[in-house]
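Numbering (the working numbering), first residue to last: 13 to 125.
1. One question on the structure: do residue 53 and residue 75 come within less than 7 Å of each other, judged by their Cβ atoms?
2. Since residue 48 contacts residue 81 with CB under 8 Å, what's their CB separation in whole angstroms?
3. Our contact map puts residue 14 next to residue 108 with C-beta atoms below 8 Å; I'd like the distance itself, whole angstroms only.
4. What is the residue span of the beta strand (DSSP E) that residue 95 lies within?
5. When we look at the beta-carbon of residue 105 and count the other beta-carbons within 10 Å, is it buried (16 or more) or exposed?
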């Protein structure tokens with residue numbers, strides 16, 4: 013199954029933006045840029061409301077579970093008010109296969125909880 017088929021099957025969305033793909037899981041978005049997956053995580057500013065903190069927690073949890081499913085090594089960059097966790101791959105087939113497996117893992121965990 014292709015990544016696009018999997019995403020559509022799960023009710024998520026995928027959108028092509030210039031030179032990258034945006035994957036929206038409803039409560040979390042991340043990007044595929046060539047052979048890298050970029051998981052943005054918001055950095056606290058000290059001005060967040062309780063709702064903002066809850067939403068940040070959801071994003072932290074999604075990103076960490078996806079990255080954990082993909083394995084190491086990963087790279088980190090600070091991009092404005094976000095921390096970008098970057099996982100690089102050698103080929104597109106490996107990227108898609110591992111991402112689907114990682115997404116399956118967090119979906120099964122969500123139903124278990």
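A virtual CB, placed ideally from N, CA and C, is assigned to each residue, including glycine.
In brief:
1. For residue 53 and residue 75, yes; Cβs fall inside 7 Å.
2. At roughly 16 Å, the Cβ-Cβ gap does not stay under 8 Å, so residue 48 and residue 81 are not in contact.
3. Going by Cβ atoms, the distance from residue 14 to residue 108 rounds to 7 Å, so yes, they are a contact pair.
4. Here the beta strand (DSSP E) through residue 95 covers 94-100.
5. Counting every other CB atom within 10 Å of its CB across the protein chains shown gives residue 105 a total below 16, marking it as exposed.
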